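Colleague: Submitted below is the structure of interest, expressed as structure tokens.
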Amino acid sequence: MKEIINLPVSKIDEEEYHINMGPQHPSTHGVLRLVVSLQGEIVKNLKPHCGYIHRGIEKMCEKDTYPQIIHLTDRIDYLSSHISNHAVCLLVEKALEIEIPERVQYIRTIMDELTRIQSHQLWWSSFGMDLGGLTCFFYGLRDREMILDIWEETTGSRFLQSYNCPGGVMQDIHPNFQKKVHAFLKTFKKKIKDYDRILSGNVIFENRSQGVGILSKEDAISYGVTGPSGRGSGWSCDVRKTEPYSMYSKVQFNEVLRYECDTYSRYMVRMQEMHESMNIIEQLIDNIPAGDHSAKMKAVIKLPAGEYFQQVESARGELGLYVVSDGNKTPYRMKFRTPSFSNLSVLDHISRDMKIADLVAIGASLDLVIPDIDR
Amino acid sequence: MNSFFKYFSDIFHGVKSLLIGMSVTGRYFFSPGQIVTQQYPENRKNLQMFERFKGEVIMLHDENNLHRCNGCGICENNCPNGSIEVIPARITGEDGKSKRIIDKHIYHLGMCTFCGLCVKNCPSNALGFGQEFEHAVFDRSKLTKVLNKTGSSIIKGVE
Amino acid sequence: MTFNIYDFTSFNRWIDEGLNSIMSPTWALITEMAIIGIVFLLFYAVVGLFLVYAERKVCAFMQNRVGPNRVGPYGIFQTIADFIKLLMKELVYIKDSDKLLFNIAPFIVIIASFMALSAIPFAKGLHAIDFDIGILYVIAVSSLGVVGILLAGWSSNNKYSLIGAMRSGAQIVSYELSVGLSLLTIIVLSGTMQFSQIVEMQSNGWFIFKGHIPAFIAFVVFLISSTAETNRGPFDLAEAESELTAGFHTEYSGIKFAFFFLAEYMNMFLVASIAATVFLGGWMPFHVSGWAGFNTIMDYIPPLVWYFGKTAFIIWLMMLFKWTFPRLRIDQLLTLEWKYLLPINLVNILFMAFLVLMHWHF
């Protein structure tokens with residue numbers, strides 16, 4: 006109770022009451038705690054309390070060597086683990102000025118896009134579940150299973166792969182990889198139509214999402230809401246376009262932008278991105294050049310003293326990596342700019358004067374991953 | 314008048330979209346062939362994991378109970394979580410020189426995050442990943458394993 | 049005695065006369081009531097448990113799963129195992145909750161659905177009591193359940209429960225109107241509120257065919273609004289899992305939770321049987337007037353099969369709703385009722401009355 010009284014609410018209305026959504030709540034997908042001030046069903050104020058799953062990854066990175074850091078980045082945003090790994094590798098390679106074989110770049114890009122698809126599939130599943138359509142959850146997970154199988158065959162893990170390593174990837178792709186990716190693309194192109202039929206076009210869904218949680222472009226920029234959530238507000242913030250890395254400068258794809266600024270547009274951006282990701286994979290999958298799966302690296306990787314920054318487009322937005330090196334094999338300081346943290350910050354702003362049900366829909370549309378917030 | 318027609322077209326489109334949604338679930342209801350559930354404990358006998366599956370770290374032994382580990386400790390250094398402890402021993406070889414062999418290669422499964430750095434960095438390819446995935450035990454101490462089998466020794470010429 | 053699965057009247061009379069011959073009329077009446085009570089309790093438990101199992105299986109098939117399959121063949125004893133588990137669970141009492149109301153709320157919910165069940169005719173002569181205002185009785189009694197939900201939410205001393213209960217109150221008060229009006233449409237056609245007569249009148253064609261367009265509209269409206277009245281998805285706002293964790297029964301555990309759970313499924317059974325009785329002819333076989341041969345073949349199928357078949361179909365439809373659609377928001381829920389269902393219903397009644405006056409029905 007004490008904490009509730011100490012809330013920085015400008016003026017405590019007598020008719021307002023507070024409820025704790027979380028740390029254990031079905032719609033917060035983890036241990037996010039939202040202290041919500043309600044007036045009837047209307048959300049008047051909302052204060053996120055982070056830190057329930059803070060593991061001190063930034064500090065842990067300071068004792069780890071660069072190859073070891075990669076397995077920690079898996080655990081920041083567990084749904085786009087491959088992309089986080091990729092960021093560390095890009096940073097190390099940029100600092101050491103190593104030429105990376107083209108085959109590695111192809112593999113990494115394909116893996117990144119598979120990661121994006123499976124992340125969006127899981128997001129779609131949980132979005133449907135948050136809105137009360139429980140069947141969506143199973144359809145999304147069913148199709149995600151194919152990607153997990155592809156990964157398991159090539160990287161050995163289903164979820165936290167640690168597949169990238171500085172200079173390349175841990176193992177070459179499995180001989181079945183291309184065949185399975187083709188099979189996945191073929192199947193998923195059919196299944197994604199079900200997604201549209203069961204949720205996107207549904208009149209209840211449209212009413213629940215359209216005009217809910219308006220995030221203007223200005224607010225998106227000033228709060229730093231990146232990724233599909235920012236692009237749903239019409240902000241062109243795709244790092245794959247603005248700062249291309251790996252193969253993204255060479256493949257043709259559209260940056261999905263929508264201008265309705267509401268939950269529905271954030272939803273549609275992600276649905277479209279799944280199509281775009283499939284498009285990217287199709288361009289790359291048959292053209293993987295032969296070659297080595299890793300560049301020659303020294304046994305001990307030491308970055309030259311200095312500051313380095315690398316950003317990548319994770320499934321949730323812009324993942325920034327800032328490293329201060331003092332020339333040792335471990336970083337002096339490592340800072341992650343995680344997309345979910347910035348995306349969470351806007352939740353209070355856009356869910357005011359909405360209903361509790363809208364708050365759940367908005368929270369789902371921002372696609373928050375709680376370990377990504379707390380690190 | 315426009316709003317009048319809009320009222321009915323809204324109803325029409327709404328009902329249509331609901332029927333489309335119901336057709337999806339209804340179709341799956343009547344197509345039991347699409348069930349994806351795996352009957353796990355029943356299919357245990359013919360459950361085939363992928364060959365690269367990271368179940369646990371094992372030391373590769375051949376049929377003569379020989380392994381390739383010389384106890385150099387590179388895996389221990391590479392492990393980010395301290396889940397590997399290498400306890401070397403010294404023996405006197407045939408040529409009379411003292412040489413290092415592995416006494417115990419201790420592996421704490423409970424701490425392992427399966428990053429694969431030990432397997433990748435092993436200079437003599439002594440380590441690999443096992444396919445075993447049913448690791449549940451009633452006592453945490455059972456998660457600490459000794460990877461080199463009792464009575465095993467190193468393959469000649471690897472050290 | 050002639051036991052006949054097509055007509056239970058003589059069977060009932062045989063029991064009645066038998067009891068009267070061995071004891072005084074008062075005791076015979078009391079014994080009959082006790083027998084009926086026990087039969088209904090058993091029926092209630094069996095149907096409730098079966099529906100829970102059916103729901104889990106149906107939703108599993110819709111989601112490409114297999115559902116419960118561990119306890120017994122095809123998992124048919126799963127719900128019994130669950131029920132035993134719920135019986136053995138601790139009843140948690142909440143600090144500062146209103147103990148009396150907290151304890152009686154599940155009983156109010158379950159009694160309301162139990163009472164409404166008594167008016168349903170399962171086959172010819174097989175009903176507990178045949179009111180001449182059967183429909184009115186069912187509407188009145190089944191809406192008592194909301195009192196239990198409101199009490200449960202209020203007495204739990206939990207904000208989630210309170211929000212859930214208030215939503216449920218607003219929802220059921222609104223949708224009760226649509227349920228009543230859509231049944232009224234059929235009463236206009238049938239001219240009676242007695243369930244047995246309503247069924248008899250459908251012997252030459254079910255009301256959904258006899259009343260064609262307005263009857264069909266009334267049927268759809270009844271399906272929607274009765275789904276809402278039973279607090280089932282997509283109208284499960286009172287227990288909206290992703291918003292209010294469990295809504296009005298957040299603080300209930302053990303057998304009291306089981307009562308809410310059972311009552312929800314029995315309410316579903318109840319509205320499905322009302323829909324089956326009023327719109328689809330209840331236990332009456334499918335008859336087409338003029339096709340004598342076809343009608344006699346249909347008559348060979350026992351009425352109980354017809355009745356449970358129709359009820360099961362409507363329950364399946366309601367499950368399809370629940371497992372397909374996302375949940376509505378509270379204001380959209382009320383918009384749907386007051387701006388769409390209610391006006392449509394009112395116009396529909398006028399249409400039906402016009403139809404009946406002009407003898408345009410079959």
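In the order they appear, the protein sequences are chains A, B and C.
Under this note's numbering, the first residue of the first sequence is numbered 6, with each subsequent residue one higher.
Under this note's numbering, the first residue of the second sequence is numbered 314, with each subsequent residue one higher.
Under this note's numbering, the first residue of the third sequence is numbered 49, with each subsequent residue one higher.
The beta-carbon is built from N, C-alpha and C at its ideal position, and this holds for glycine as well.
Since the model is a prediction, treat every value here as computed from it, not as a measurement.
Would you kindly check if the distance between the Cβ of Asn279/C and the Cβ of Ser216/C is under 8 Å?
Modeller: Contact: yes.
Colleague: Return no unless some Cβ of chain B is closer than 8 Å to the Cβ of Met110/C.
Modeller: Closer than 8 Å to some Cβ of chain B, the Cβ of Met110/C qualifies, so yes.
Colleague: Is Asp178/C closer than 8 Å to Phe243/C when the C-beta atoms are compared?
Modeller: In contact: Phe243/C and Asp178/C (Cβ atoms closer than 8 Å).
Colleague: Are the beta-carbon atoms of Gly464/B and Asn378/B separated by less than 8 Å?
Modeller: Cβ distance < 8 Å, so Gly464/B and Asn378/B count as in contact.
Colleague: Identify every run of the beta strand (DSSP E) within the stretch 17-99 of chain A, keeping only runs that are complete inside it and at least 3 residues long; order them along the chain.
Modeller: Here the runs fully enclosed are 22-26, 38-44, 47-54.
Colleague: Which same chain residues, not among the five before or five after Phe342/C, have their C-beta less than 7 Å away from its C-beta?
Modeller: Val336, listed in sequence order.
Colleague: Excluding the five sequence neighbours on either side, which residues of its own chain have a C-beta within less than 7 Å of the C-beta of Phe399/C, listed in chain order?
Modeller: Around Phe399/C: Pro262.
Colleague: Between Trp229/A and the rest of its own chain, which residues show a CB-CB distance below 6 Å, the 5 nearest in sequence each way excluded?
Modeller: The question names Trp, yet the displayed sequence has Gly at residue 229/A. Excluding sequence neighbours, Gly229/A sits near Ser347.
Colleague: If we count Cβ pairs, one from each stretch, closer than 8 Å, do we get three or more for the stretch 369-387 of chain B versus the stretch 422-438 of chain B?
Modeller: Verdict: yes, contact present.
Colleague: Please report whether the beta-carbon of Ile348/B lies at a distance below 8 Å from any beta-carbon of chain E.
Modeller: Here the protein chains are A, B and C, and chain E is not one of them.
Colleague: Could you check what DSSP says for Ala400/B in three-state terms: helix, strand or coil?
Modeller: Looking at the sequence shown, residue 400/B is not Ala but Ile. The answer is strand: DSSP assigns Ile400/B an E or B state.
Colleague: Any residues in the stretch 165-179 of chain A with a beta carbon nearer than 8 Å to a beta carbon of chain C? Which ones, in chain order?
Modeller: Within the stretch 165-179 of chain A, no residue qualifies.
Colleague: Which term fits Leu90/C, buried or exposed, when burial requires 16 or more other beta carbons within 10 angstroms of its beta carbon?
Modeller: Flag for Leu90/C reads exposed.
Colleague: Please determine, among Ile124/C, Val227/C, Ser145/C, Pro333/C, the residue with the shortest C-alpha to C-alpha distance to Val353/C.
Modeller: Among Ile124/C, Val227/C, Ser145/C, Pro333/C, the Cα nearest to that of Val353/C belongs to Pro333/C.
Colleague: Would DSSP call Gln351/B helix, strand or coil?
Modeller: Here Gln351/B sits in coil by DSSP.
Colleague: For Leu67/C, which residues of its own chain have a beta-carbon under 7 Å away from its beta-carbon, when the five flanking residues on both sides are left out?
Modeller: Cβ neighbours of Leu67/C beyond the five flanking positions: Ala76, Thr79, Glu80.
Colleague: In or out: Phe109/C buried (at least 16 other Cβ within 10 Å) or exposed?
Modeller: Flag for Phe109/C reads buried.
Colleague: Using a Cβ-Cβ distance cut-off of 8 Å, determine whether Ile10/A contacts chain C.
Modeller: For Ile10/A, the pLDDT reaches just 49, beneath the cut-off of 50, and the residue's location in the model is therefore unreliable, leaving the point undetermined.
Colleague: Sorted by chain position, which residues of the same chain lie with C-beta nearer than 6 Å to Asn292/A's C-beta, five sequence neighbours on each side aside?
Modeller: Excluding sequence neighbours, Asn292/A sits near nothing in its chain.
Colleague: Please report the straight-line C-alpha distance between Ile209/A and Trp364/C, rounded to a whole angstrom.
Modeller: Near 20 Å, if we compare the C-alpha coordinates of Trp364/C and Ile209/A.
Colleague: Trp386/C CB to nearest chain B CB: under 8 Å?
Modeller: With 8 Å as the cut-off, Trp386/C does not count as an interface residue toward chain B.
Colleague: Is the stretch 32-51 of chain A touching the stretch 221-235 of chain C in the sense that three or more CB pairs, one from each, lie closer than 8 Å?
Modeller: With the cut-off at 8 Å, the stretch 221-235 of chain C and the stretch 32-51 of chain A do not touch.
Colleague: What's the C-alpha gap between Gln126/A and Ile226/A?
Modeller: Taking the straight line joining both Cα atoms gives about 26 Å.
Colleague: Taking a Cβ distance cut-off of 9 Å, strictly less, list which residues of the stretch 30-64 of chain A are near chain C, in chain order.
Modeller: Of all residues in the stretch 30-64 of chain A, His30, Pro31, Ser32, Leu43, Gly45, Glu46 have a Cβ within less than 9 Å of some Cβ in chain C.
Colleague: Just mark Val328/B as buried or exposed, buried being the case when its beta carbon has 16 or more other beta carbons within 10 Å.
Modeller: Classification of Val328/B: exposed, given that the 10 Å Cβ count is below 16.
Colleague: What three-state label does DSSP hand Ala171/C in the structure shown?
Modeller: DSSP places Ala171/C in strand when its eight states are reduced to three.
Colleague: List the whole-angstrom C-beta distance separating Thr359/C from Phe317/C, where the pair is believed to meet the contact cut-off of C-beta under 8 Å.
Modeller: Right, the Cβ-Cβ distance comes to about 7 Å (below 8 Å), so this counts as a contact.
Colleague: Along the stretch 75-93 of chain A, where does the CB come closer than 9 Å to a CB of chain B? Name the residues.
Modeller: Going along the stretch 75-93 of chain A in chain order, one finds Ile75, His76, Leu77, Asp79, Arg80 with a Cβ nearer than 9 Å to chain B.
Colleague: Could you check if Phe446/B is buried or exposed, using at least 16 other CB atoms within 10 Å of its CB as the buried criterion?
Modeller: Flag for Phe446/B reads exposed.
Colleague: Please confirm if Arg61/C has its CB atom under 8 Å from at least one CB of chain B.
Modeller: No, no contact with chain B.
Colleague: Would a check of beta-carbon distances place Leu89/C closer than 8 Å to chain B?
Modeller: Judged by the 8 Å Cβ criterion, Leu89/C is not in contact with chain B.
Colleague: For Gln361/B, which residues does DSSP report across the bridge?
Modeller: Per DSSP, none; premise fails for Gln361/B.
Colleague: Distance, Cα to Cα, Ile10/A vs Tyr208/C?
Modeller: Caution applies to Ile10/A, whose pLDDT of 49 falls short of 50 and renders its modelled position unreliable; the value that the coordinates give is listed next. Spanning the two alpha carbons is a distance of roughly 19 Å.
Colleague: Establish whether the CB of Tyr341/B and some CB of chain C are separated by less than 8 Å.
Modeller: It does: the Cβ of Tyr341/B has a partner Cβ on chain C nearer than 8 Å.
Colleague: Figure out for me which residue from Tyr200/A, Gln315/A, Arg121/A has the closest Cα to the Cα of Val93/A.
Modeller: Of the candidates Tyr200/A, Gln315/A, Arg121/A, the one whose C-alpha sits nearest the C-alpha of Val93/A is Gln315/A.
Colleague: Which residue from Pro401/B, Cys428/B, Ile397/B, Arg413/B puts its Cα closest to that of Ile419/B?
Modeller: Selected option, being the one with the closest Cα: Ile397/B.
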